[in-house]
Amino acid sequence: MRRLALLALLVPLTFGDAPPAHAAARCEVDRDSARCEAFGLSWRAPDGWELVAERAYPGVLLSARDRTTGARISVAAQRLARPTTQVELVEQSRKALRSAGFEVGARTPHATGAMVVALTSPRGQGLLQGYFLGDQAAFTVTLSVTTKNASAHTRAFDDALRRLSIPAAPATTDRRPTHDRVPTCDELLPRRDAIGRTAAAPTSDAAAPTASPVSP
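Sequence positions in the sequence shown follow the numbering used here and run 346 to 561.
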């Protein structure tokens, strides 16, 4: 399960020609908070999750784990070799993950400005992935859980997105969504019957759901 989650986490870091961020881009962790000076990034883990600095995999900066279920939320970063848009970044990642055998949902805007994609691994593991475009770097926040307890962690994933602070992208990019309706993370959970149909559809923004949005 960990290997497939790692694959989904590292795919977005292959964008463009820039090498992945090296382990030298270390983060200072103080209890549930962390600061990564190399990227101007700060993050606070969801309440009750154990936060550690990751150094085993290039580009993966931080990881928080729920001790009860083993669910994990990871933060990764990649410097960009050329100008890009948030949509271009997400679409390349969706294409690569689909080629690797993942069931891939449509990109959906989040209130933080992230684009969120729901995934199901070839072994049925549920993932949620949030993409941010910052100043000369791309960032991803990935929740990986077993499908049966995914619903228990959507709030933690929402908190993880809201607690990430990065340098703002230039005003000319499309980092901020223009949609009026922002879905809840529960609405984005991988459902094998629904995502199978979504994966075959054109790669356009998802239609607006009808449930209530997440409150800040």
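Ideal placement from N, C-alpha and C gives every residue a C-beta, glycine not left out.
Burial state of residue i (16 or more Cβ within 10 Å)
i	result
Gly415	exposed
Val405	buried
Gly397	The residue asked about is misnamed: residue 397 is Val in this sequence, not Gly. Exposed is the call here.
Asp375	exposed
Ala369	For Ala369, the predicted structure reports a pLDDT of 49, less than 50, and the residue's modelled location is therefore unreliable. The matter cannot be settled from this model.
Asp392	exposed
Pro454	buried
Gly446	exposed
Ser444	exposed
Ala539	Residue placement at Ala539 cannot be trusted, given a pLDDT of 45 that sits under 50; the coordinates are not used to answer.
Ser496	exposed
Glu395	exposed
Ser408	buried
Simplified DSSP state of residue i, which is helix, strand or coil
i	result
Gln423	strand
Phe447	coil
Asp377	coil
Arg410	strand
Arg417	strand
Gln431	helix
Thr457	coil
Gln437	helix
Thr491	coil
Thr543	Summary for Thr543: the model assigns pLDDT 42, below 50, so the residue's position carries little reliability, and this model does not support an answer.
Asp392	coil
Continuous alpha helix (DSSP H) stretch holding residue i: start and end
i	result
Asp480	Where Asp480 is concerned, there is no enclosing alpha helix (DSSP H), given that its DSSP letter is neither H nor E.
Arg389	Note, Arg389: premise wrong, no alpha helix (DSSP H); beta strand (DSSP E) at Leu386 to Arg389.
Ala398	Not the alpha helix (DSSP H): Ala398 falls in the beta strand (DSSP E), residues Glu395 to Ala398.
Arg500	Thr499 to Arg507
For residue i: DSSP bridge partner residues
i	result
Pro512	Answer by DSSP bridge pairing: none, since Pro512 is not bridged.
Gly471	Thr465 and Val490
First through last residue of the beta strand (DSSP E) which encompasses residue i
i	result
Thr465	Met460 to Thr465
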